[in-house]
Structure formats: structure tokens, C-alpha cells
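Read through the structure below, which is laid out as C-alpha cells, and then see the notes.
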């Protein structure tokens with residue numbers, strides 16, 4: 013297993029990044045929150061999980077060990093594969109997922125694209141004794157980014173989650189009025205979750 017990668021960021025995309033490690037460019041699938049921390053040309057270290065399929069090898073990158081561990085535990089639930097687990101982490105920080113499962117907050121789980129009420133009930137039941145207690149910290153997920161880029165990052169993240177460009181534009185327009193958007197260093201993860209809540213209500 014590849015536990016982590018440490019290298020220079022060569023490229024960024026809505027759903028992943030390329031890191032140069034030992035002269036080799038490694039493609040990693042990442043959540044919007046993780047991508048928001050990365051800058052092309054800068055060196056970074058990401059925890060990783062390698063998913064092996066008959067026809068593919070996919071490397072997933074995470075901001076820290078907690079996110080990687082949560083990603084792996086989420087897949088122990090019936091019907092949750094790596095793509096859905098990554099989508100869950102795109103919408104909710106690990107502590108938020110632990111809280112949602114512990115309190116059976118189905119509405120929170122249903123904010124994730126692809127999870128309906130029955131799926132949320134199944135996930136809450138399967139993971140209730142697996143995710144562990146709420147840690148009470150999101151320090152690694154509190155991501156401050158340059159104000160000029162939050163709109164582009166949230167829009168790209170919504171497209172990466174499968175929303176149509178028009179829906180992404182509408183969600184972005186609503187989020188622009190959110191108090192978090194007026195901060196000097198907007199938190200992309202917070203704004204993305206606000207956009208997803210708006211889309212779930214529409």
C-alpha cells in the first residue's frame with residue numbers, strides 16, 4: 013500500500029491533482045477541500061489510498077490521515093464504493109460524518125449526491141459502530157484560500173460531483189450572499205457545503 017506521497021504539484025483539475033514524485037507524475041483523485049490547499053509548483057504531502065480493480069489502479073489523496081481512514085471506513089458500508097466515499101468527504105468533513113452517523117442525521121447524509129433516504133438509513137446503520145466518536149476538531153479541514161479563487165474552486169467542485177453547469181452557476185449565485193463568502197480568506201469547504209445544501213433544497 014502507498015501510505016503517502018510527497019512531491020511537487022504539477023497540475024490541478026476539478027477532481028484531482030498530479031504530483032511529481034521521484035521524476036514520476038502520479039495522478040491522485042482528491043476532494044475539493046484537499047485540492048483547495050494545493051498550489052501548482054509547491055511541494056505537498058498527501059495521505060493516500062490505492063484502490064485496485066481488475067481494469068484500473070486509482071490513487072486517492074487526502075489532506076490528512078483522519079480523512080484517509082474515514083474514506084476507508086466508509087467503504088465498509090453496503091453500497092459505498094470509493095467514488096461515493098470520496099463524494100461524502102467532499103460534502104462533509106470526517107467529524108461531520110461521524111456526527112451524522114452517530115445521531116442518524118439522514119438529512120445530512122442525503123446532501124451527498126447519489127444518497128437517497130434508504131441509502132442514508134443503510135449507511136447510518138452499517139457505520140454506527142465503525143466510524144468512532146466525534147473528535148471535536150476540523151483543523152486540517154479548515155482551509156483558508158485566496159478570495160479571488162473561491163468561486164472557481166466551488167464551481168469546479170460542483171461540476172466534479174456531477175452537477176450540470178447551469179445548476180452550478182445557480183448554486184454559486186446563492187452562495188455569493190453567504191456571510192462566509194465575504195471573509196478575507198473564504199473557506200472553500202464551507203462554501204461548497206452551503207452550495208450543496210442549496211442544491212438539495214431546490
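In this note's numbering, the protein residues as written are 13 to 214.
Cβ coordinates follow ideal geometry from the N, Cα and C atoms, glycine included.
One or two residues paired with residue 74 in a DSSP bridge: The count along the chain shown starts at 1 and reaches residue 74 at position 62. According to DSSP, which records beta bridges pairwise, residue 74 is partnered with 59.
Residue 200 beta carbon less than 9 Å from that of residue 162: In the chain shown, counting from the first residue as 1, residue 162 sits at position 150. In the chain shown, counting from the first residue as 1, residue 200 sits at position 188. In contact: residue 162 and residue 200 (Cβ atoms closer than 9 Å).
Enclosing alpha helix (DSSP H) for residue 47 [first to last residue]: For the purposes of this step, residue 47 is identified with residue 35 of the chain shown, where counting begins at 1. Start and end: 44-47.
Spatially closest choice to residue 177 from 203, 19 and 26, by CA coordinates: Counting from 1 along the chain shown, the entry for residue 177 is found at position 165. The residue with the shortest Cα to Cα distance from residue 177 is 26.
For residue 137, the residue or residues it bridges with in DSSP: Taking the first residue of the chain shown as 1, we reach residue 137 at position 125. Paired residues: none, contrary to the question.
Beta-carbon separation (whole angstroms), residue 88 vs residue 138, contact threshold 8 Å: The sequence position of residue 88 within the chain shown is 76, counting from 1. The sequence position of residue 138 within the chain shown is 126, counting from 1. Contact flag correct, Cβ pair sits at about 7 Å.
Residue 204 and residue 166 closer than 9 Å at C-beta: Residue 204 sits at position 192 when you count from the first residue of the chain shown. Residue 166 sits at position 154 when you count from the first residue of the chain shown. Yes. Within cutoff.
Neighbour-count burial assignment, residue 44, 16 or more Cβ in a 10 Å radius: The residue given as residue 44 occupies position 32 in the chain shown. By the 10 Å Cβ count, residue 44 comes out buried.
Residue 128 to residue 212 span [Cα, whole Å]: Within the chain shown, numbered from 1, the residue matching residue 128 stands at position 116. Within the chain shown, numbered from 1, the residue matching residue 212 stands at position 200. Cα to Cα, the separation comes out at about 11 Å.
Backbone secondary structure at residue 29 - three-state DSSP: Here residue 29 refers to the residue found at position 17 when the chain shown is read from its first residue. DSSP places residue 29 in strand when its eight states are reduced to three.
CA nearest to the CA of residue 104, picked from 38, 56, 184 and 119: If you number the chain shown from 1, residue 104 lands on position 92. That would be 119, whose Cα lies nearest to the Cα of residue 104.
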